[in-house]
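Q: My structure is below; once you've seen it, I'll send some questions.
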Amino acid sequence: MRVLFVYPAHENLGIEYLSAGLKAAGHTTELAFDPVLFDDAFIQQGLLGRVLSHRDALIDQARRFGPDLIAFGVLSPFLQWALDLGRGMKEATGAPVLFGGPHASAAADQLMEHDVVDYVLVGEADGPIVRLVEELGGGLHLDDVPNLVHRRQGTVVHNPLGPFADVATLPWPDKELFLEQSDIFRFGYTALTSRGCAMRCSFCSESFLAGLSDKGERSFLRRRLVDDVIAELVAAKERWGFDHVRFYDTILPVDKPWFHEFAEAYADQVGLPYWCLGHPSLIDVETVKLLERSGCFELQMGIQSIYADTRSEVFHRHETTAHLTRAMDALRDSPIQFAVDNILGVPGQTAEELLDTIDFYVANPPDRLNVYWLTYFPGTTILDIAVQTGDLTEADVGALHRDPRMKAFHINKPAHRRDQHKLFTYLQFALLLPDGWHDVIREHRLYRFLPPVDITMLQALAYRLSSVREYAHLETRVSRRYRSYGKRWLKDRVAGRGTRASLRPARGTSGRS
Numbered sequence: 002m003r004v005l006f007v008y009p010a011h012e013n014l015g016i017e018y019l020s021a022g023l024k025a026a027g028h029t030t031e032l033a034f035d036p037v038l039f040d041d042a043f044i045q046q047g048l049l050g051r052v053l054s055h056r057d058a059l060i061d062q063a064r065r066f067g068p069d070l071i072a073f074g075v076l077s078p079f080l081q082w083a084l085d086l087g088r089g090m091k092e093a094t095g096a097p098v099l100f101g102g103p104h105a106s107a108a109a110d111q112l113m114e115h116d117v118v119d120y121v122l123v124g125e126a127d128g129p130i131v132r133l134v135e136e137l138g139g140g141l142h143l144d145d146v147p148n149l150v151h152r153r154q155g156t157v158v159h160n161p162l163g164p165f166a167d168v169a170t171l172p173w174p175d176k177e178l179f180l181e182q183s184d185i186f187r188f189g190y191t192a193l194t195s196r197g198c199a200m201r202c203s204f205c206s207e208s209f210l211a212g213l214s215d216k217g218e219r220s221f222l223r224r225r226l227v228d229d230v231i232a233e234l235v236a237a238k239e240r241w242g243f244d245h246v247r248f249y250d251t252i253l254p255v256d257k258p259w260f261h262e263f264a265e266a267y268a269d270q271v272g273l274p275y276w277c278l279g280h281p282s283l284i285d286v287e288t289v290k291l292l293e294r295s296g297c298f299e300l301q302m303g304i305q306s307i308y309a310d311t312r313s314e315v316f317h318r319h320e321t322t323a324h325l326t327r328a329m330d331a332l333r334d335s336p337i338q339f340a341v342d343n344i345l346g347v348p349g350q351t352a353e354e355l356l357d358t359i360d361f362y363v364a365n366p367p368d369r370l371n372v373y374w375l376t377y378f379p380g381t382t383i384l385d386i387a388v389q390t391g392d393l394t395e396a397d398v399g400a401l402h403r404d405p406r407m408k409a410f411h412i413n414k415p416a417h418r419r420d421q422h423k424l425f426t427y428l429q430f431a432l433l434l435p436d437g438w439h440d441v442i443r444e445h446r447l448y449r450f451l452p453p454v455d456i457t458m459l460q461a462l463a464y465r466l467s468s469v470r471e472y473a474h475l476e477t478r479v480s481r482r483y484r485s486y487g488k489r490w491l492k493d494r495v496a497g498r499g500t501r502a503s504l505r506p507a508r509g510t511s512g513r514s
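This is the structure:
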């Protein structure tokens, strides 16, 4: 059987794992990658987005590949993209369309209202997608596929949930799936040492994904063996020569005994600089020493709010302010750079709270401050809180599951908070100002004269000025995507070819040794 995966903007480890599992079972996979130029989280320009659209080329690719199943990984901001492209691919090939990913897990019934969607897999799909493909190629006993949502005689049926994947049995991710697309995916090696999360933050999809198993939440966080992780990284280093690693575990140092073993093995056998995510309640001097010993060049952690009540009651995060300062002090005393995430536009938030936030970070500066507007995702528990505070209505929540109005990852600007938009702009640069300037700006409220919207290029400039290394943050990977696919598109135009040629991988990008 032939499975075509479809995904936009960035590399996706989940799809790489699914592809590896299908190939191990004897099936053939391919990736249709959409760079979504000028229509992503960072740059949105309608005319350029339409001119540089890869939709027709992707549909042509699907027609040539001849899939038995078209599988979309669906993030909420790209729901309409997936529905539109899925419809075009289905009409061109006649193949059924499967939706999976966080949005599909939260809004399966709403997705099944669209005739383009034949199947939805909720939760983790490693085993279920292999079973589905086998049934499509033979018996069509769809009721036997765990986690599957499908139609039976016009009625939507939810099959029982199966267990979460056993990470000890999973094959290594199929890196060639993305490497064959472009050299932009040679920019560091992405890896996971675990599945699941120890936390249940109200704004995060992990809060509801944890319950999507017949074993319940207790089996959600699973850790790979250190030897298996190291073997994967050593093999990748030898084969592709990556210069750094990015670990996308929700919290890499969540388990001290495991992390101690990992840090020693990584330092001795891999020896590449790496980036990872952490949690302030779990960062102390001992952990920082292990991070330093193993080669961590930057750790990114979420503070999200400087107010303990907001963290606890709104975000369902229970670290104390003492945890925050302990973690920041420990990192500041080490050579490891650290980035901090902070969310604005919180239900009930005032402009005065934002000024306090700026004061806090000026007095306790991280190496890099990432500032995001709160994005409401389907299925998350923060939706109920937002309804209680009046930031959302029940109708808003219903619409969110069917037609998310945010276009991209962290963009859901509260239009009625003009003063907060100006402070958002200021917070991008407050930590870069010379000593004493912030006091003057606050005293005279000079931030009133800043633009009331966040300007993409200014935000990118703030990241660039505060970046520890070129590859330390997402903005660099975004700019590489634009440069690579933009040059390819321009070259094809000069040569007199249409957009479809721009999807052909450049010579030498196959990723094969």
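So the number in this note's numbering is just where the residue sits in the sequence shown, counting from 1, plus 1. Note that CB positions come from ideal geometry on N, CA and C, so glycine has one too.
Compare the beta carbon distance of Gly47 and Val37 with 9 Å and say whether it is the shorter of the two.
A: Start at 1 with the first residue of the sequence shown, and residue 47 comes out as number 46. Start at 1 with the first residue of the sequence shown, and residue 37 comes out as number 36. Cβ distance not < 9 Å, so Gly47 and Val37 don't count as in contact.
Q: How close, in whole Å, do the beta carbons of Arg196 and Phe165 come, if the pair is a contact with beta carbons under 8 Å?
A: Here the question's residue 196 lines up with position 195 in the sequence shown. Here the question's residue 165 lines up with position 164 in the sequence shown. Yes, Arg196 and Phe165 are in contact; Cβ-Cβ is about 7 Å, under 8 Å.
Q: Secondary structure at Val469, three-state DSSP: helix, strand or coil?
A: Position 468 of the sequence shown, counted from the start, is the residue given in the question as residue 469. Since pLDDT at Val469 reaches only 48, below the 50 mark, its modelled position is unreliable, and no value is offered.
Q: For the pair the region 135-142 and the region 108-118, tell me if three or more CB-CB distances fall below 8 Å.
A: Output reads no: the region 108-118 does not touch the region 135-142.
Q: Rank Asp330, Ala309, Ile344 and Ser208 by C-alpha distance to the C-alpha of Ala107 and give the top, closest one.
A: Counted from its first residue, the sequence shown places residue 107 at position 106. Ranking the options by Cα distance to Ala107, first place goes to Ser208.
Q: When the Cα of Pro366 is compared with those of Gln429, Lys492 and Gly349, which residue comes out closest?
A: Against the sequence shown, residue 366 aligns to sequence position 365. Ranking the options by Cα distance to Pro366, first place goes to Gln429.
Q: Distance check for Leu447 and Gly15, CA to CA, integer angstroms please.
A: The count along the sequence shown starts at 1 and reaches residue 15 at position 14. The count along the sequence shown starts at 1 and reaches residue 447 at position 446. In a straight line, the C-alpha of Gly15 is about 46 Å away from that of Leu447.
Q: Quick one: Cα of Ala21 to Cα of Ala387, how far?
A: In the sequence shown, counting from the first residue as 1, residue 21 sits at position 20. In the sequence shown, counting from the first residue as 1, residue 387 sits at position 386. For Ala21 and Ala387, the distance between alpha carbons rounds to 40 Å.
Q: Rank Gln154, Glu125 and Thr156 by C-alpha distance to the C-alpha of Val146 and give the top, closest one.
A: As a first step, residue 146 is located in the sequence shown; it is residue number 145 there, counting from the start. Among Gln154, Glu125 and Thr156, the Cα nearest to that of Val146 belongs to Glu125.
Q: Am I right that Leu393 and Tyr377 are in contact with their C-beta atoms under 8 Å? What's the rounded C-beta distance?
A: Taking the sequence shown and counting its residues from 1, one reaches residue 393 at position 392. Taking the sequence shown and counting its residues from 1, one reaches residue 377 at position 376. 7 Å between Cβ atoms; contact.
Q: Mapping the DSSP letters down to three states, classify Phe450 as helix, strand or coil.
A: The residue you call residue 450 lines up with position 449 of the sequence shown. Helix, per DSSP.
Q: Would you mind working out which of Asn343, Ala266 and Phe316 sits nearest Met302, comparing C-alpha positions?
A: Working through the sequence shown from its first residue, we reach residue 302 at position 301. Checked all of Asn343, Ala266 and Phe316; the closest Cα to Met302 is Asn343.
Q: Closest by CA to Cys297, which one among Phe316, Leu332, Val315 and Thr311?
A: Working through the sequence shown from its first residue, we reach residue 297 at position 296. Residue Leu332 is the option with its Cα nearest to Cys297.
Q: Return the Cβ separation of Val75 and Val98 in integer angstroms, given the expectation that the two are a contact with Cβ distance under 8 Å.
A: As a working mapping, residue 75 is identified with position 74 in the sequence shown. As a working mapping, residue 98 is identified with position 97 in the sequence shown. Not confirmed; about 11 Å, so no contact.
Q: Tell me the rounded alpha-carbon separation between Ala323 and Leu213.
A: The residue you call residue 323 lines up with position 322 of the sequence shown. The residue you call residue 213 lines up with position 212 of the sequence shown. Cα-Cα distance, rounded: 34 Å.
Q: Under DSSP, the alpha helix (DSSP H) around Tyr267 begins and ends at which residues?
A: For this step, residue 267 is matched to residue 266 along the sequence shown. Lys257 to Gln270 is the extent of the alpha helix (DSSP H) around Tyr267.
Q: Alpha carbon to alpha carbon, what distance is there between Tyr267 and Phe316?
A: Within the sequence shown, residue 316 is the residue found at index 315, counting from 1. Within the sequence shown, residue 267 is the residue found at index 266, counting from 1. Near 33 Å, if we compare the C-alpha coordinates of Tyr267 and Phe316.
Q: Under a Cβ-count criterion, where at least 16 other Cβ atoms within 10 Å of its own Cβ denotes burial, should Trp276 be classed as buried or exposed?
A: Here residue 276 is taken as the residue at index 275 of the sequence shown, counted from 1. So Trp276 ends up on the buried side.
Q: Let me confirm a value: Leu193 is counted as buried when at least 16 other C-beta atoms fall within 10 Å, else exposed. Which label applies?
A: Translated into positions along the sequence shown, residue 193 becomes position 192. Under this definition Leu193 is a buried residue.
Q: Excluding five sequence neighbours on each side, which residues of the same chain lie with their C-beta closer than 7 Å to the C-beta of Val347?
A: In the sequence shown, counting from the first residue as 1, residue 347 sits at position 346. The residues are Ser306, Thr311, Val315 and Leu375.
Q: Just curious, the beta strand (DSSP E) that Asp353 is in, first and last residue?
A: In the sequence shown, residue 353 corresponds to position 352, counting from 1. Looking at the sequence itself, residue 353 is Glu, so the reference to Asp does not match. Run containing Glu353: none in the beta strand (DSSP E); it sits in the alpha helix (DSSP H), Ala352 to Ala364.
Q: Beta-carbon separation of Val398 and Leu384 under 9 Å?
A: Here residue 398 is taken as the residue at index 397 of the sequence shown, counted from 1. Here residue 384 is taken as the residue at index 383 of the sequence shown, counted from 1. Against a cut-off of 9 Å, the Cβ pair of Leu384 and Val398 comes out as a contact.
Q: Let me confirm a value: Ala1 is counted as buried when at least 16 other C-beta atoms fall within 10 Å, else exposed. Which label applies?
A: Because the chain here runs from 2 to 514, residue 1 falls outside it and cannot be looked at.
Q: Tell me which residues share the same chain as Ile442 and place their Cβ nearer than 7 Å to its Cβ, disregarding the 5 neighbours each side in the sequence.
A: Working through the sequence shown from its first residue, we reach residue 442 at position 441. Excluding positions up to five away in sequence, the list reads Tyr448.
Q: For Ala236 and Tyr190, I'd like the C-alpha separation in whole angstroms.
A: For the purposes of this step, residue 236 is taken as the residue at position 235 of the sequence shown. For the purposes of this step, residue 190 is taken as the residue at position 189 of the sequence shown. Between Ala236 and Tyr190, the C-alpha separation is close to 11 Å.
Q: Could you tell me which residues DSSP pairs with Phe339 in its beta bridges?
A: The residue labelled residue 339 in the question sits at position 338 within the sequence shown. Leu300, per the DSSP bridge assignment.
Q: Give the range of the beta strand (DSSP E) segment to which Leu48 is assigned.
A: Position 47 of the sequence shown, counted from the first residue, corresponds to residue 48. Per DSSP, Leu48 belongs to no beta strand (DSSP E); it is in the alpha helix (DSSP H), Gly47 to Val52.
Q: If you measure between the beta carbons of Ala63 and Phe73, is that distance less than 9 Å?
A: Counting from 1 along the sequence shown, the entry for residue 63 is found at position 62. Counting from 1 along the sequence shown, the entry for residue 73 is found at position 72. Cβ distance not < 9 Å, so Ala63 and Phe73 don't count as in contact.
Q: If you compare alpha carbons, which of Arg3, Ser54 and Ala25 is closest to Ala521?
A: What the structure shows of the chain is the stretch from 2 to 514, and residue 521 is not part of that stretch, so it cannot be assessed.
Q: With respect to 8 Å, is the separation between the Cβ of Gly138 and the closest non-hydrogen atom of the ligand SAH below this value?
A: Summarising the ligand content, the structure contains no ligands, and the ligand SAH is consequently not present.
Q: For Leu222, tell me which candidate among Leu283, Asp256 and Tyr308 has the shortest Cα-Cα distance.
A: Along the sequence shown, read from residue 1 onward, the residue named residue 222 stands at position 221. For the residues Leu283, Asp256 and Tyr308, the minimum Cα distance to Leu222 belongs to Asp256.
Q: Where do the N-terminal and C-terminal ends of the alpha helix (DSSP H) with Tyr308 fall, by residue?
A: Here the question's residue 308 lines up with position 307 in the sequence shown. Element bounds for Tyr308: n/a, residue is neither H nor E.
Q: Using the C-alpha atoms, what's the distance from Val246 back to Arg484?
A: Taking the sequence shown and counting its residues from 1, one reaches residue 484 at position 483. Taking the sequence shown and counting its residues from 1, one reaches residue 246 at position 245. Going by the C-alpha atoms only, they are around 22 Å apart.
Q: Out of curiosity, what's the CA-to-CA distance linking Gln270 and Arg187?
A: Locating residue 270 in the sequence shown gives position 269, counting from the first residue. Locating residue 187 in the sequence shown gives position 186, counting from the first residue. Cα to Cα, Gln270 sits roughly 21 Å from Arg187.
Q: Looking only at DSSP bridge pairs, what is Ile344 linked to?
A: Along the sequence shown, read from residue 1 onward, the residue named residue 344 stands at position 343. Per DSSP, Tyr373.
Q: Just the Cα atoms here: how many angstroms apart are Val88 and Thr251?
A: As a first step, residue 88 is located in the sequence shown; it is residue number 87 there, counting from the start. As a first step, residue 251 is located in the sequence shown; it is residue number 250 there, counting from the start. Strictly speaking, residue 88 in this sequence is Arg, with Val absent from that position. Distance between the alpha carbons of Arg88 and Thr251: 33 Å.
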